[in-house]
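A short worksheet on the structure shown next.
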Amino acid sequence: MIRPWILAMDLDGTVWDHLNISGVNPPYTRLDSNSIVNQDNVTVTLFPEALDFIRWARENGAITTTLSWNRKDYAQEALETFGICNLFDYNSTDQTPDKDQRLLKLISLLKKEGVEIPVQRVVYVDDRDLHMEAIRKNIGDIVFINIWKTTKTYHDAMEIVKMKILKN
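Numbering of the sequence shown is given in the UniProt record's numbering, commencing with residue 1 and proceeding in unit increments.
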């Protein structure tokens, strides 16, 4: 049996190409399998390799959550319009920078449900390292994947997870 672990995914610049979904006013309309557009003609496009990574993680024991600093309603509508809500077990998106507190809340919730996840089995993927100081201070030394920067592809991210999570 695969031991559970947490995969926390930022959204902007990580799951999709737009850097601030909170600035893209709904409603959204699906353009094709990877793109949505709003009435101001702003297009947001998914990174298909990010979705493959999330699916792979779920198949390998991940409990998945969004962990994004955005308007929750806008992010949720984008996820729904893309048809990818089912990839996430939890939605930890909020319009505050306190990602550490939201991640702590999820870890605590899971513990109350009888699923204890050690800090070393938490993976956070983001295109920026802005929140890592607070996360390391308040949670501990999680596995941080700085996608597009220190980790260039989602294939590389899979290799990191295999090495740091799945082989332990």
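Ideal placement from N, C-alpha and C gives every residue a C-beta, glycine not left out. On a predicted model such as this, the values are computed, not experimentally measured, just so you know.
Asked	Found
Touching or not, the segment 34-48 and the segment 3-22, by the rule of three or more beta carbon pairs under 8 Å?	yes
Roughly how many whole angstroms lie between the Cα atoms of Asn146 and Ile160?	11 Å
Might you give, ordered along the chain, the residues of its own chain that have their beta carbon closer than 8 Å to the beta carbon of residue 170, omitting 5 neighbours on each side?	The question about residue 170 has no answer, for the chain in this structure spans 1 to 168.
Please state the DSSP three-state secondary structure of Leu46.	strand
Considering only the beta carbon of each residue, do residue 229 and Asp89 sit closer than 9 Å?	Here the chain has residues from 1 to 168 only, and residue 229 is not among them.
To which residues of the same chain is Met158 closer than 7 Å at the C-beta, ignoring the five residues directly before and after it?	Phe53 and Trp56
Please check the pair Ile21 and Ala75, which I expect to be a contact at CB under 8 Å, by giving their CB distance rounded to whole angstroms.	5 Å
Among Met132, Val24, Arg58 and Pro27, which has the Cα closest to the Cα of Pro97?	Met132
Going by DSSP in three states, Asn138 sits in which element: helix, strand or coil?	helix
Should Asn70 go down as buried or exposed, given a rule of 16 or more other Cβ atoms within 10 Å for buried?	buried
Rounded to the nearest angstrom, what separates Glu113 and Leu106 at their Cα positions?	11 Å
Asp73 and Pro26 - do their beta-carbons sit closer together than 9 Å?	yes
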